[in-house]
Amino acid sequence: MSDNTTTNLIIIPWGSLPDEILTNIFVFLPIKSIIICTSVSKAWKSLIKNPTFISTHLHHSLNKNQNLLFFRLRSQNQKEFYALHNEDDADFTQHARFDFHAPDLYPHNRHCRVVGTCNGLLFLSSVFHADNSLCLWNPCVGKLLKLPSPNFTDATHGRFHASNGFGFDPKTKDYKVIRVVTLLESLGLEKNRPQVEIYTLSTGQWRMLRTDLAPICALFQHDPQTFINGALHWVAFRVRNNYFHNFVLVFDLGEEAFHEILLPEFPGHMGLMPGSVSVYRNSIAFFRKDNDFLHIWAMKEYGVVSSWTKVFSLPLSNLDFFGASDSIQRALGFRRNGEVILKLDGGRLISLDLETGEFKDLRIMGYKKTIVDYHVESLVLLDKAANSEDTY
């Protein structure tokens with residue numbers, strides 16, 4: 563018996579596919595493949611570099627539940643590099659690695675600080691603020707964007723301390739860099755307000771915030787910032803009646819307004835209280851070290867001071883980690899499952915389950931400048947003209 567059935571195949575050229583179909587295909591591709599697609603045709607390049615597609619791709623990446631942690635590390639030859647690790651993998655395998663080299667911005671790759679990360683972007687600043695070298699870097703697409711010189715420099719205002727922050731404004735769908743500047747020539751901790759300037763990626767310009775909108779306070783220079791729930795967080799302090807009052811300074815990027823969150827009470831402590839805030843699930847945590855212990859507090863309900871809960875106090879020294887005695891240098895941050903990542907004096911990174919008290923060796927070696935943060939692969943900055951060499 564013969565088969566007389568004829569099948570008619572309709573071949574549709576890729577170039578004639580509607581943008582909606584191409585978009586649905588592109589968002590499922592790896593970042594490297596999407597970058598390659600920009601070289602196929604002018605139409606594809608225009609579609610992929612369109613801000614609408616970049617936003618669609620980011621939304622897809624955020625909902626993909628790909629749990630990546632970003633690390634700033636150093637190799638055996640003392641060269642800095644950046645790595646993404648997949649924490650869904652039991653072996654915590656490395657997902658990607660990036661080298662950073664921008665000789666015009668940071669000679670010898672030795673004077674760069676990672677201030678914060680958001681939606682795949684890293685905000686970098688010079689260790690020495692007199693250099694005024696600030697930039698945004700997306701390692702996945704190899705775009706480095708140097709920011710224009712800010713309003714406050716040593717040349718214009720004399721000596722000052724600047725605490726930086728970086729995040730995404732959900733209200734305007736824009737990225738913002740915030741500089742909270744404390745002028746040292748006329749420093750008065752009981753009366754002076756910091757100066758605040760804001761850079762927005764969409765305009766590419768700095769502008770000043772009204773001075774009276776900032777509270778009377780000062781920030782610990784170079785302390786890490788934390789971005790969550792559309793707001794930036796720093797540990798700040800003020801002086802009243804010769805006593806130091808410590809609190810979390812919060813800047814809402816959408817409203818461009820400050821407010822404060824009280825820290826947990828530490829009976830008998832009246833002086834400066836160095837510490838840091840970190841993202842903890844959908845809220846924040848506070849790390850504080852004294853002479854003997856690392857204290858970890860979690861705000862179980864964001865913004866509700868009464869929900870501060872002490873979740874762990876850990877001895878700093880003489881601990882047995884996996885058969886070797888070592889000491890804890892500092893807490894770096896949290897994994898998405900709630901485990902805190904700690905750096906030991908020897909450089910080894912471990913994680914601690916706050917509920918069971920169990921430790922895990924992440925098999926990663928850190929160093930003095932090691933940081934950790936959540937990360938998502940994105941195309942942000944792809945539509946911007948890079949003003950430094952590509953690093954892709």
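The sequence shown lines up with residues 563 to 954 when you count with my numbering. C-beta: ideal position from N, C-alpha, C; glycine also.
Are the CB atoms of residue i and residue j nearer to each other than 8 Å?
i	j	result
Leu959	Phe643	Nothing can be reported for residue 959: it is not among the residues displayed for the chain, which extend from 563 to 954.
Val867	Thr788	no
Trp870	Pro826	yes
Glu822	Val839	no
Lys946	Leu707	yes
Thr614	Lys607	no
Leu771	Tyr737	no
Arg769	Ile760	yes
Taking the C-alpha atoms as reference points, what is the distance between residue i and residue j?
i	j	result
Asp651	Asp935	17 Å
Glu818	Phe685	19 Å
Ser875	Ala893	12 Å
Leu591	Ser879	47 Å
Asn700	Tyr805	43 Å
Pro712	Thr618	31 Å
Thr765	Leu620	21 Å
Ile610	Gly919	46 Å
Ser940	Trp859	32 Å
Ile616	Glu649	25 Å
Thr773	Phe820	12 Å
Lys922	Tyr929	18 Å
Ala776	Gly908	41 Å
Phe714	Leu745	9 Å
Met861	Ser845	6 Å
Ile587	Val942	18 Å
Gln757	Leu794	16 Å
Ile598	Asp915	41 Å
Ser887	Ser603	59 Å
Asn625	Gly792	18 Å
Phe662	Phe828	41 Å
Arg721	Ser595	47 Å
Arg898	His719	42 Å
Thr585	Ala605	12 Å
Ile890	Phe654	21 Å
Gln656	Arg802	49 Å
Lys733	Asn639	44 Å
Phe660	Gln767	28 Å
Asp852	Ile790	27 Å
Val589	Lys735	20 Å
Glu901	Ile926	16 Å
Leu881	Glu582	57 Å
Glu863	Leu579	48 Å
Asn627	Arg843	14 Å
Throw me the rounded Cβ distance for the residue i and residue j pair, which I believe falls under 8 Å.
i	j	result
Val742	Leu683	Contact flag wrong, Cβ pair sits at about 20 Å.
Val703	Ile593	7 Å
Phe848	Pro877	Not confirmed; about 19 Å, so no contact.
Gly816	Asp716	At roughly 32 Å, the Cβ-Cβ gap does not stay under 8 Å, so Gly816 and Asp716 are not in contact.
His807	Phe813	At roughly 18 Å, the Cβ-Cβ gap does not stay under 8 Å, so His807 and Phe813 are not in contact.
Starting from the C-beta of residue i, find all residues in its chain whose C-beta is less than 8 Å away, skip the five residues before and the five after it, and write them out in chain order.
i	result
Phe937	For the record, residue 937 in the displayed sequence is His; it is not Phe. These residues qualify, in order along the chain: Leu630, Leu631, Phe632, Leu646, Thr679, Gly682.
Ser637	Phe643
Asn612	Asp945
In chain order, what residues of the same chain have a beta carbon less than 7 Å from the beta carbon of residue i, not counting five sequence neighbours either side?
i	result
Pro786	Ser838
Ile912	Phe883, Leu904, Leu906, Phe921, Lys922, Asp923, Leu924
Arg850	Met835, Gly837, His857
Leu824	Phe809, Val867
Lys931	Arg634
Cys963	Nothing can be reported for residue 963, as the shown portion of the chain is limited to 563 through 954.
His670	With a pLDDT of only 48 at His670, under 50, the local geometry of the prediction cannot be trusted, and no value is derived from it.
Leaving out five residues on either side along the sequence, give the residues of the same chain with a beta carbon under 6 Å from the beta carbon of residue i.
i	result
Asn754	none
Val677	Phe685, Ser687, Asn726, Phe728
Lys872	Trp859
Ala658	Leu646
Gly895	Ser840, Ile903, Val934
Lys641	none
His622	Val589
Within the 8 Å Cβ cut-off, does residue i reach chain D?
i	result
Phe848	Among the chains in the structure shown there is no chain D, since it carries only a single protein chain.
Measuring from the CB of residue i, is there a heavy atom of the ligand MG at a distance below 7 Å?
i	result
Leu771	Within the structure as shown, the ligand MG is missing, as the structure has no ligands at all.
| What are the complete beta strand (DSSP E) segments, minimum 3 residues, inside the region 697-758? | 705-708, 722-731, 736-745
| message | Report the start-end ranges of each beta strand (DSSP E) in the region 612-644 that is 3 residues or longer and not cut off at the edges. | response | 630-636
| said: Give the list of continuous beta strand (DSSP E) stretches no shorter than 3 residues that lie fully inside the region 828-869. | reply: 838-842, 845-851, 855-861
| request: For the region 762-835, list the beta strand (DSSP E) runs that are entirely contained and at least 3 residues long, ordered along the chain. | output: 767-770, 788-790, 793-802, 805-814, 819-824
| request: Starting from the N-terminal side, write out each stretch of the beta strand (DSSP E) that is 3 residues or longer and does not extend beyond the region 878-909. | output: 881-883, 886-888, 890-896, 902-906
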